[in-house]
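Single-structure report; data block below.
Residue numbers (the working numbering): 1 to 65.
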């Protein structure tokens, strides 16, 4: 799976909550969706930031030239 230390913390903390197998499955699916949505948000932010940085660099290059 992953080597993220947060995953180990979450797994350890959630083992203390008595849940049925069905509840565990629903929670795992929901958490997986949330994690994936946040990763996509971070990637989109990085992409937009990269384009903004390139636009600034291009503007400076045009002005200096």
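Where a beta carbon is used, it is the ideal one built from N, C-alpha and C, also for glycine.
For residue 10 and residue 24, the gap between their C-alpha atoms comes out near 13 Å.
If you draw a straight line from the Cα of residue 41 to the Cα of residue 34, it is about 11 Å long.
Look at residue 6 here: in three-state DSSP terms it is helix.
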